[in-house]
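Engineer: Here it is, the structure in full.
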Amino acid sequence: MEKLRFGDGSDSLVVCEVDPELKEKLKKFRFRKETDNAAIIMKVDKDRQMVVLEEEFQVFEIRTTDDLTEAWLQEKLSFFR
């Protein structure tokens, strides 16, 4: 199982492990052939001390900076609250 580490290697601190299924998804995501937009959102499961998949998006909307209004940002980024 992959572990998320912080430090210079000699005295690193293991913070949490990475879910093996997520690790495989990330590998496929990194080397995917599609040229459309996609994203993977991860979260830390504090109880299991593990990085897990939260959501996966395929083909999402792109906007120009002129289109980024405060109302649009609040609607699209409400999960950060």
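Under my numbering, residue 211 is the last one in the sequence shown; the count climbs by one each step, no gaps. Glycine residues also receive a C-beta, built at the ideal position from the N, C-alpha and C atoms. The model shown is predicted, which means the values in this text are computed figures rather than measured ones.
Just how far apart, CA to CA, sit Gln-179 and Leu-207?
Structural biologist: 25 Å
Engineer: Taking the alpha carbon of Cys-146 as the point to measure from, which residue in Asp-196, Val-182, Ala-201, Phe-187 has its own alpha carbon closest?
Structural biologist: Of the residues Asp-196, Val-182, Ala-201, Phe-187, the one whose Cα lies closest to the Cα of Cys-146 is Val-182.
Engineer: Spatial neighbours of Glu-184 within its chain, please: CB distance less than 8 Å, with the 5 preceding and 5 following residues excluded, ordered by chain position.
Structural biologist: Ile-171, Met-172, Lys-173
Engineer: Go through its chain and collect everything with a Cβ distance to Val-189's Cβ below 8 Å, but skip five positions before and after it.
Structural biologist: Asp-166, Asn-167, Ala-168
Engineer: Can you tell me whether Phe-161 is helix, strand or coil according to DSSP?
Structural biologist: coil
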